[in-house]
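Undergrad: The structure that follows is given in the form of structure tokens.
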Amino acid sequence: MHYWLMKSEPHVFSIDDLIHSPKKTAGWEGVRNYQARNMLRDDMKKGDLVFFYHSSCTPPGIVGTAEIVREGYPDESAFDPRSAYYDPKSSPDNPRWFQVDIKFLQKFEEPFTISELRTHPQLSEMIVLRKGNRLSITPVAKKEWDFILKLVG
DNA sequence: GCCAACGTTGGC
DNA sequence: GCCAACGTTGGC
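For the first sequence, the positions run 1 to 153 when this note's numbering is used.
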């Protein structure tokens, strides 16, 4: 069992969008970064738990949790010329980009903001807090996961 | 809107 | 394979 943090800009796909998706489940499509792709394809397993993070908004922060319900499979948005995520170098025969499906678990009553995350020494190693971090998917340590959930109550 | 950080691209 | 230029991310 592993833990993850996944960033999304809420105007593109928010935790409320996830809640309103069929079966509260959605494909995490559109990742176009190799490091994140490798995690989607190789490391994220069914049953792994996810912090859903809103970025590029006010305030940025963790807004809830979700669960991996389908492991890595080709991201079909890369095959669609009409998609904003289209990548002609990816094909069904040789897919370059992958996605997982996540299912909504809970929404926090209040976002756990990045500024609050930074106030806790127990969370100072979180990758998402590192200066210059731009990865949209990052692993979370179990003790970080437990600590945050305990604070959320 | 700014800008630091970092990934990608492409000429050589 | 180097590296400058460029594009993107994302907090502030």
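Positions of the beta carbon are idealized from the N, C-alpha and C atoms, including for glycine.
Who does PRO22 pair with in a DSSP beta bridge?
TA: Note: PRO22 sits in no beta bridge, so no partner.
Undergrad: Which residues bound the beta strand (DSSP E) around GLN99?
TA: Secondary structure note for GLN99: its beta strand (DSSP E) is the uninterrupted segment 98–113.
Undergrad: Below 7 Å CB to CB, which residues in the same chain sit around ARG118 once its five sequence neighbours on both sides are set aside?
TA: LEU129
Undergrad: What span of residues does the alpha helix (DSSP H) with GLU144 cover, start to end?
TA: Element bounds for GLU144: 142–152.
Undergrad: With distance defined between alpha-carbon atoms, name the residue in THR65, PRO95, ASP87 nearest to TYR73.
TA: PRO95
Undergrad: Identify which residue in ILE137, TYR53, ARG70 has its Cα closest to the Cα of LYS107.
TA: TYR53
Undergrad: Are the beta-carbon atoms of THR65 and LEU105 separated by less than 7 Å?
TA: yes
Undergrad: Please say whether ILE68 and VAL100 have beta carbons closer to each other than 7 Å?
TA: yes
Undergrad: Could you pull out every residue in the same chain whose Cβ sits closer than 8 Å to the Cβ of GLU71, ignoring the five residues on either side in sequence?
TA: MET44, LYS45, LYS46, VAL100
Undergrad: Starting from TYR34 and walking both ways along the alpha helix (DSSP H), at which residues does that stretch end?
TA: Where TYR34 is concerned, the enclosing alpha helix (DSSP H) starts and stops at 34–38.
Undergrad: For the beta strand (DSSP E) containing THR65, name the first residue and the last one.
TA: Where THR65 is concerned, the enclosing beta strand (DSSP E) stretches over 61–74.
Undergrad: For PRO139, which beta-bridge partners are listed by DSSP?
TA: TRP4
Undergrad: I'd like the span of the beta strand (DSSP E) that includes VAL50, first residue to last.
TA: 49–54
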